[in-house]
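Right, one structure below, let's go through it.
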Amino acid sequence: MPVFKKFAVIGSPIDHSLSPKIHSIFARKLGIEITYEAIEVEPMHFDSSVNRLFDEGYAGLNVTLPLKELAFNFADVLTEDSNLSGSVNTLWKEDGIIHGDSTDGRGLIRDLQEKKINLKNKEIVILGAGGSAKAIIPSLLREDPKRISIGNRTFSKAEELLESFFSSKNKMNLFEMSENLNFKPDIIVNSTSAGIKNENIELPRDLLSKDIYVYDLSYSQEDTPFLELVKSRGIENYHDGIGMLIHQAALSFKTWNNQVPDTSISKVELL
Ligand code: ATR
561 MPVFKKFAVI GSPIDHSLSP KIHSIFARKL GIEITYEAIE VEPMHFDSSV
611 NRLFDEGYAG LNVTLPLKEL AFNFADVLTE DSNLSGSVNT LWKEDGIIHG
661 DSTDGRGLIR DLQEKKINLK NKEIVILGAG GSAKAIIPSL LREDPKRISI
711 GNRTFSKAEE LLESFFSSKN KMNLFEMSEN LNFKPDIIVN STSAGIKNEN
761 IELPRDLLSK DIYVYDLSYS QEDTPFLELV KSRGIENYHD GIGMLIHQAA
811 LSFKTWNNQV PDTSISKVEL L
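561 is the number of the first residue of the sequence shown in the numbering used here; add one for each residue after it.
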């Protein structure tokens, strides 16, 4: 009997993860057989669950909320992106050593490149200062933007985030969500979890001008609440995070299977 490579995504909750579908499509298009499951893992059982899964022969694990920081602490060896972002979304074991990578930031950049959005010398604004913001900042910085400005509901968290990128401080800036921005961004990235919780975001009144590009890291079948707002302001150039999701998955897939998958998957196929 052929032995299929086994993979899984772990998180809590995990029911709605699209990763099993994405990886199955990648494998099918390449004509290789894999299995890919979604497995619920609670934070308190992280270490024992991951050890058990590797013992059971899983070749790789994707890690999603709220476990990415635990995975970062768990891995023996980390990639540069993972080290910089304090986060791991991809685990694999080689010669008894657990490796960890964070493919979210590179996934975002690949999606932006595909959409012909160039970041060099651009004034970028990030809304939110949580794990998602931290995961994408190293990759954004590598594209040599003019500046990255962070706005967050809780200002102190934005300050903490800035501190963690101390060596790039001259390229970074903070702003208050309740005040005017007083500069004009070229690109806005929404990394907040407000939309998932159906909450509104307080924004600087002068943030959304017509000719900017907006990327929302979240996604849904319809436009996300943030993109609805963006549209209502007459902004025409925007995307949700489905492309980033597919590209971050492709990067994990390449690491595990040593084959580059076809990422041309439509949103309709997934949602
Ligand atoms: P993730 O890992 O998805 O980034 P997180 O670390 O919990 O999740 O961060 C969520 C981010 O969304 C935070 O920046 C949070 O702001 P606070 O630091 O003030 O909590 C932001 N966020 C969540 N709900 C929000 C809302 N209704 N308005 C504005 N920001 C919100």
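C-beta atoms are modelled at their ideal positions from N, C-alpha and C, and glycine is treated no differently.
Predicted model, so just to flag it, every value in this text is computed and none were measured.
So is the beta-carbon of residue 670 under 7 Å away from any non-hydrogen atom of the ligand ATR?
no
Using the beta-carbon of each residue, find all residues closer than 5 Å to any heavy atom of the ligand ATR and list them in chain order.
For the ligand ATR, the residues with a Cβ under 5 Å from any of its heavy atoms are, in chain order, 688, 689, 690, 691, 692, 712, 713, 714, 717, 752, 753, 754, 759 and 761.
Give the secondary structure of residue 504 by DSSP, where H, G and I count as helix, E and B as strand, and everything else as coil.
Only positions 561 to 831 of the chain appear in this structure, which leaves residue 504 out of reach.
Does the distance from the CB of residue 761 to the CB of residue 684 come in under 8 Å?
Contact flag unset, no.
What does the alpha-carbon distance come out to for the pair residue 778 and residue 755?
8 Å
Under 8 Å, with one C-beta from each stretch per pair, do the stretch 582–590 and the stretch 628–648 reach the 3-pair mark?
Because the criterion of three Cβ pairs below 8 Å is not met, the stretch 582–590 and the stretch 628–648 do not touch.
Identity of the residues DSSP links to residue 737 by a beta bridge
Partner(s): none; residue 737 has no beta bridge.
Closer than 8 Å is the cut-off here; do at least three beta carbon pairs connect the stretch 648–662 with the stretch 670–690?
no
Quick check: what's the CA-CA separation for residue 701 versus residue 600?
For the pair residue 701 and residue 600, the Cα-to-Cα distance works out to about 33 Å.
Tell me residue 707's beta-bridge partners as DSSP assigns them.
Residue 707 is bridged by DSSP to 683.
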